[in-house]
Every structure is written in C-alpha cells, then in structure tokens.
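Working notes, structure below.
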Amino acid sequence: MPALCSNCSEKRAMLKRPKTGHSLCKLCFFFAFEEEIHQTIVAAKLFKPGETVGIAASGGKDSTVLAYIMKLLNERYNYGLKLMLISVDEGITGYRDDSLETVKRNQQQYELPLKIVSYEELYGWSMDAIVKQVGLKNNCTFCGVFRRQALDRGAIMLRVDKICTGHNADDVAETVLMNVLRGDIARLRRCTAISTASEGDGVVPRCKPLKYAYEKEIVLYAYFKKLDYFSTECIYSPNAYRGYARTFLKDLESIRPSSIIDIIHSGENLSVREGVKMPVQGTCSRCGYISSQALCKACVLLEGLNRGLPKLGIGKHHRLHEKILSQQPLTENEEKKLKSGDF
Amino acid sequence: MCQVGEEDRYRYQQDGPASASKKCVKCKDASAALVIRAGDAYCRSCFNESFVHKFRAMLGKTRVIFPGEKVLLAVSGGPASCSMLRQVQEGVSQNAHKKLRFLPGIVYIDEGGVVGLSKEMRQKTAFELQELFTTTGFPFYILPLEQVLELPTSVVMPVQQQSEPVTGAYKAAVDHFLLHGRKNDVSPEEQENILPCDVNESQTCALQQLIGSAKTLTAREDLLNTLRHHLLVHTARSKGYSKLMLGDSCTRLAVKLLISISLGRGAQLAQDVGFSDSRYGDVISVRPMRDYSAKEIAFYSHMFNVPYVSVPSLHTKTQDKASIQRLTESFVTKLQTDFPSTVSTIYRTGEKLQTAGRSSSAAADGSRCLLCLCSLDTVTDVASALQATLISEQLSHTKIQGPESELSTAEEYCSIKGEGTCRGTGGGVVCCSSAKEVDTPDLRELMCYSCQLTIKDMSSIHHLPHYILSEAQRRHSRSLMREEIREFLLDADEDD
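So the protein sequences, as listed, match chains A and B.
Taken in order, the first sequence gives residues 936 to 1278; the numbers are from my numbering.
Taken in order, the second sequence gives residues 9 to 504; the numbers are from my numbering.
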C-alpha cells in the first residue's frame, strides 16, 4: 500500500521531509516549503514594501531556489518588492563562466534584471590570476573576502536597499561549528543573525530568507520543480578546514536529523561574557569599507597581490598595516616571510 | 587554518624532533622525560611541579572553595578523576607545602547496571575502588546508579540561588577558619557503601528499562548523564557537602562543549562547561581539572603511578556514528591530531560565553528545566529556530491529527495519585506503568529545548524515576492553581 501524504491524506506521498520526517505529496511539500520561508520573512520582518532587493545569484541550487521563491512569494503575498539578481564573476574558468550561463538563463526565466560584477574589473585580478600567484592553498581566503565586498559594490551600483543571500540552515549550522573551532567569538555571536543591521556607508544590509531551510529540502524542491541550476564544486579545492566542519555536520544529521536546527538554536541562545574583548568596527583608511583594522582585509590582500607578497593577508600582520599605509618599504626579513612558497 | 599557529610553526621547525638528550625547558638542567606540546619538554620533577601548581592555581584563582568547606570528589575511576583525587590527597596531607584547607570526601557511582555488567564484575570494580579510597583516609561513598530511582523530588526542585558571593566573603571565610581552626567533623563512620551485591535485581531491571526506553544512544547517554548528576548532587546535599568536584579535563570539556552545541544546549553551555556551575543552588559543581589536556593527565597518571580502573561506558565498543556524543568525541580527537590547537581553541571559546540571563528571577520553578535544572530556553522570538521547527511540524500535517500529538496525550504520566500504590511494588521503583491516569502534565512544557529532544527519543516516559514524574505533577498543579487565581495576582512573575 503506498503511503499517503500526512498532510492532505489524499495523494500518494512522494518524499520524506528531511526536516520533520513526515511523508508528503509533491504539492503539500511545495506549499509547506514556500510557506515556511514566507513565515520566516514575515516573522523576522526582513523586507518593507517598496524596497529594491538584490538577490545574490551564483547559479547554484540555493540561490536559484531563492530567486524562484522570492519572485513567487513577492507575487503571492504582495510584498511590493522590486527584485534583481546580482552575480559576482570571480573569473574561474571552467566553473564560474558556466554557472553564470545558468544565472543568465534564470534571468530570462524569472524576468529579473541582472547585474554582474567581476573581480577583474573591481580589483584587476581574476581568481585564475590569483591562484597562479598564491597556489591552491589559502586561495579561498581571497575569493571569500573579495566576494563580500564585490556584492556590496554591485548592490550600490544597482541602488538596492537590501541583499538577500541563499545561505541555508546547513550553512548557518556549519558556520556556528566553524566559529567554535576557530574560537572566533565575534563571528560566533553574529553568524546566526538572520539579517545584518545597516552598518554604514558602502555596506548594504543583508538577510538570509533560507536560514531555516534544510539543504536537502532545497535540493528536493529544486528537483521536483525541475529548476535549472548549476551543480559543480569549485575547481580550486574547497576550503579544507571547513570541510571538517561540513563532514561533522552531515554525520550529526545522519544520527539525529534535527541536529542542524538544534545547532542553530544553540547559536541563537549563546551569550558572550561581559568584558570579552570584541573587535571594534571602523572603516578602512584606504577604501572606506567597514573594517576592524586600519586597512580592510580586501585592501591588505590586494596590496599583497600587487607587491608580489601574497601572504601579507594570510595570518595576522597588523603591525605591517602602518607601513603599508605610509608606503614604507618592508624589511628583507618581512618580505621573505610573505613571499609565496611553502604555505 | 588558525592564524595564531603561523608564527609558532617556524619555531617548531627550528626545534626539530624531540630527542632523548633534550634538556628540560624549565630547569634547563635535568634531561627531559616528556614533551607536552611541541617545544615544551619537561623533566620528571618539573612536570610534577607544574601539574601540582596548575591544580592549586585553579583553586586559588577562582576562590570558590572556601577553607573548612566540605567538598565531594566525584570519581569515576578514570585517569582524570583519579589524578584529581591524587592532587587533593597530596594537597591536604600534613607535609604539603601550602595545605589545602577543605574537607574532602569521595563518591563513586557504579553504572554497571546500565552497561549490563555482571554482578561479579561490578563487585570486583567496587572492591578495587574501595581499596583505593580507603588508602586516602577520606570518607567515601560507593553507590549504585540504581539509587537514582529512589531520590526525593527535592533533587529536581529548584533551590533558591545563592546570591552572588560578596567580595570579601572568601577572606572572611579564611579569617573564620584561622580563628576557629579545622572542625574535624568528618569521621569514617559517615561512610556509606552499597555494594553491587546488595542491589536489588528488580531495581537493576527497572533502571535498564528506563535507559532502554530511550530509542537512540544519543538520548540514552544524555539521560544517563542527567540521572548520574542528580544522584551526585543528592549525595552531596544529603551528606552535607556544599561543593562537588568533577574531573573534567580540558579535552573532555572541549568535547562536551561541541556536544552541548550539537544537542541544542547553547543557552546552557556556560554552565555545562564552566569552572563552577550553580544550577543546583546549594551544591555547586566545580571543575578544577579544566586546565589539563587528556594527554597531560595520561602522562601524569602513568609517570606517577596514579591507580585507576577502567569502567566501560554506554558507548564503549560502538561505532563513531553510534551517537552524537560518540561522534563528537572522535571528531575532536581526530582533528586534534591534525591541528594540535583544536582542543584549546574550543575550550577557550567556552570561557568567553556565559549563561543567557533571560530572566534574573530564574529561581521560579516554572522557568527551570525539569531534568537539567537550567533556565528554560523555550521562550523565543517569533523568528527563531524553535518557531521555525514548530511551523514546519504544523505545515507537514495540518488536516489530520498527527500521531505525535495523540501520543503526548495518550502516553500518560504517573500521577501523584499513583504514589501510594507505586511505592509498594518492586521496592518503590516501577511507576505504575499499567495504571491509567488522566490529568497528567505535558512533560515537554517543563523542559528546555535539549531535554525535550531527549524525551522525544523515548518510547515511553513511564519508566522515568518517580521523583521526576511527581515533580512534574507538582509543577503542573501549581501552574493550574496560578491560572485559577491569576486575576487576583498583582505580580504575575512572582512564584513560590
């Protein structure tokens, strides 16, 4: 006897929800999945009517589902939002050029305006060129730091009020674990927030409407909706250390499926002891972007690339910031340490 | 990955591999006997010195244990708690340089019944420990976990939190101690040992049923932890000890921290892994071994012949993925071998956290978890993981009554009415599982997020010990009463 949907108890159940374990039919699953995201948006007051919202689109499953659902909910519930797609072209041949094709198709399918900003035009360095200089280790640091800023720059060019990203529950839980493993208390506190407050000029507030959506359900949704998305891992080896946290999370999920949400619950309820030193937010004295140091990470990394000292931004070299700002030459010993090679 | 490591690495490389002829980094005289961390080679005596110093420094720095206070050492038989016992033993001995001035006692809880050890095995372990404890001259209690079935409800009744220790309280206690001298009120007659051979078979059976009613090993381990802690606290309380010393090492605490996060205990994290834990009010748990890594302890117990016994636990000989606790332990251990700063980084993260102080008047029993006695973390914003889960549950079965909601009403809990009859059967253990009760509270409402998860994994809550169920009943009727007289209450938050 085929199992019936636990919601409508009429149609045959097509899937078992990873999040709750219920068996649902296709339509009930669609409804539940969309409704949950709507509830999240409403409960967390993510948007206001009339706002222009940029959807960070990579062409992957998360952002494709996000774009699809944002458009759908905007129409179903009259959010009154003006939606746009923003993509970042990191310049990775064989990976990003293909996924950008997906984004361009999505643009047609969903009839949303699209803006692509590239590392090449913003920084003068494509990821391909960066990897050529720094090697395969630590290149994710460059990519991650540059992307955050690139997205903001793209958003400002488009004059959007908010950016929403496709971070899902698994991503958030993984980040909680990562920050514990790295001892990064400031990020640990911030990472479970569903949206960032507007932090000043040059930074557009961000939010994660899919924060409580399981990665597996996003894939199920995209699969049954037959959404057009790009699913290839980045060719520049995935960040090794994050890989540990990821595997651990997947193992936890296999033991107790609610682990993902449980970890987010933990993260949301952490509170930091008084008197623990926190980085103070300031602005970069070179580009004006938010930074807790005299120079923002992107500027330090860029300086390192341009000087041929790629290790400048890897690890802590705050002492050198002064020197860079005043354009003093580095000592031979310092240069030697920062040269590419055995790292 | 860790940015701190960058510069250190250069140093390690210069050091080269530790050779046998290496000198101790501390005295620079004797040849090194062991390497704790890369670059830190110690000779035997310097290692001992630093080990002892760490213990005393921890107690000195925290100033939680007052002179003349009775302190109960929870010894599991493992290397960490046995090394802790050794530290206390040496610290209070007559020839100690600066004598520790508290009055120690020892408690060992025999969990053999849960793990399914034979009576002979349990007996053997108990005798070994008895011998070990006798040599210390401290009063000691060897108790089977089966005792937990007979605890009074006071264990899970929130005790009014002691107000924050006033500055100068420690000094006052020292002065008082110096003035009146040591009250030697600990006599060996106080000892109480229930050896495994005295344990009623039906009790072991009931305990096994209780643990067995948890369907997952994760829930089983969590339940066992809770019950063990209840028995420890009760023993301390009933024997007049105001502090409970636990032997958690730095490594253990790092694992515990990740377990807590994974089990949804973020709000309770600081209490779960902090130096002192005052959730039980009058009995405060302290963890003086928190600065030692498991490796240091292993070295110490090996080099200085600290006797210990190995007792199997619930997850002994299980696979990595048998439970969340087991998985986390192997995850941290493996990561530690690749990245030697893992444990200390996780541990230091824990130091920077505190218990979410949502309600300062958390002593009100309505806001404390029935099982772990931490403040409830289930009152959350509309946009939260908890709410999101509830919405998901709702949306996945709206039209028909889901089996779960039926369960929670059908699965009734032992009502207070059953008390009289229950006590009679099976040595007051088995709580009338056959009897049908009606007005029973929903246990989940009385629990924190994480303990709810554990209960959710249980096939039945009938097997929970009587003290838990009757406290649930008490709280439930209190809240019903409060509901009834609500309109006459001027301050809604006031309770008891």
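C-beta: ideal position from N, C-alpha, C; glycine also.
These numbers come from a predicted model, not from an experiment.
Legend entry - Reduced DSSP category for residue 7 of chain B - H, G, I as helix; E, B as strand; rest coil: The structure shown does not extend to residue 7 of chain B, since chain B spans only 9 to 504, so no value can be given for it.
Legend entry - Closest residue to residue 78 of chain B among B:355, B:244 and B:135 (Cα-Cα distance): B:244
Legend entry - Own chain residues within Cβ distance below 7 Å of residue 317 of chain B, not counting five before or after: 85, 133, 136 and 137
Legend entry - Beta-carbon neighbours of residue 50 of chain B, restricted to chain A and to distances below 9 Å: Per Cβ cutoff of 9 Å: no residues; residue 50 of chain B is ~26 Å from chain A at best.
Legend entry - Proximity of residue 1159 of chain A and residue 949 of chain A at Cβ, strictly below 9 Å: yes
Inset, instruction - Going by CA-CA distance only, name the one from B:129, B:53 and B:183 that's closest to residue 76 of chain B. - result: B:183
Inset, instruction - Decide yes or no for the touch test of the stretch 259-277 of chain B against the stretch 92-109 of chain B: beta carbon pairs closer than 8 Å, at least 3 of them. - result: no
Legend entry - Segment limits, beta strand (DSSP E) that includes residue 148 of chain B: 148-152
Inset, instruction - Return the residue from the list B:495, B:405 and B:80 that minimises the CA-CA distance to residue 944 of chain A. - result: B:405
Legend entry - For residue 213 of chain B and residue 434 of chain B, the rounded distance between their alpha carbons: Here the model assigns residue 434 of chain B a pLDDT of 37, short of 50, so the residue's position is not dependable and the matter cannot be decided.
Inset, instruction - Please confirm if residue 299 of chain B has its CB atom under 9 Å from at least one CB of chain A. - result: no
Legend entry - Endpoints, alpha helix (DSSP H) assigned at residue 129 of chain B: 127-144
Legend entry - chain A contacts made by the stretch 277-299 of chain B, where a contact means CB separation under 8 Å: 277 and 278
Legend entry - Among B:296, B:299, B:290 and B:234, nearest to residue 460 of chain B - alpha-carbon criterion: B:234
Legend entry - Any C-beta of chain A under 9 Å from that of residue 417 of chain B: In this prediction, residue 417 of chain B has a pLDDT of 37, which is less than 50 and means its spatial position is unreliable; what the coordinates show is noted afterwards. Residue 417 of chain B does not count as touching chain A.
Inset, instruction - Locate the beta strand (DSSP E) running through residue 1071 of chain A, then write down its first and last residues. - result: Element bounds for residue 1071 of chain A: n/a, residue is neither H nor E.
Inset, instruction - Name the one or two DSSP bridge partners that residue 989 of chain A has. - result: A:1019 and A:1098
Inset, instruction - Give a yes or no on whether 9 Å exceeds the smallest Cβ distance from residue 222 of chain B to chain A. - result: no
Inset, instruction - Scan the stretch 938-963 of chain A for residues whose Cβ lies nearer than 7 Å to a Cβ of chain B and list them as they occur along the chain. - result: 941, 942, 943, 944, 952, 954, 955, 957 and 959
Inset, instruction - Buried or exposed for residue 485 of chain B, please, with buried defined as at least 16 other CB atoms from any protein chain shown within 10 angstroms of its CB. - result: exposed
Inset, instruction - Could you check if residue 1126 of chain A is buried or exposed, using at least 16 other CB atoms within 10 Å of its CB as the buried criterion? - result: buried
Inset, instruction - Please name the residue or residues paired with residue 1218 of chain A in a DSSP beta bridge. - result: A:1225
Inset, instruction - Could you check what DSSP says for residue 176 of chain B in three-state terms: helix, strand or coil? - result: coil
Inset, instruction - Could you check what DSSP says for residue 293 of chain B in three-state terms: helix, strand or coil? - result: strand
Inset, instruction - Report all residues from its chain with a CB closer than 6 Å to the CB of residue 90 of chain B; omit the five preceding and five following residues, and keep chain order. - result: 314 and 316
Legend entry - the stretch 1023-1032 of chain A touching the stretch 1049-1068 of chain A, judged by at least three CB pairs closer than 8 Å: yes
Legend entry - Given residue 1271 of chain A as reference, the closest of A:1246, A:1253 and A:1262 once Cα atoms are compared: A:1246
Inset, instruction - Provide the residue span of the alpha helix (DSSP H) that contains residue 112 of chain B, from first to last. - result: Segment 111-118 is the beta strand (DSSP E) holding residue 112 of chain B; no alpha helix (DSSP H) there.
Legend entry - Residues that DSSP places opposite residue 253 of chain B in a beta bridge: B:81 and B:294
Inset, instruction - Could you check what DSSP says for residue 1145 of chain A in three-state terms: helix, strand or coil? - result: coil
Inset, instruction - Counting only the same chain and skipping the five closest in sequence on each side, list residues whose C-beta sits under 7 Å from that of residue 156 of chain B. - result: 235, 238, 239 and 473
Legend entry - Close Cβ partners of residue 351 of chain B (< 7 Å) along its chain, the five nearest in sequence each way excluded: 258, 259, 262, 301, 340 and 344
Legend entry - Endpoints, the beta strand (DSSP E) within which residue 1049 of chain A is located: 1049-1053
Inset, instruction - Please say whether residue 116 of chain B and residue 151 of chain B have beta carbons closer to each other than 9 Å? - result: yes
Inset, instruction - For residue 201 of chain B, collect the residues of the same chain with a Cβ closer than 6 Å to its Cβ; drop the 5 residues on either side in sequence, then sort them by chain order. - result: 150
Inset, instruction - Specify the secondary structure class of residue 222 of chain B as computed by DSSP and reduced to three states. - result: strand
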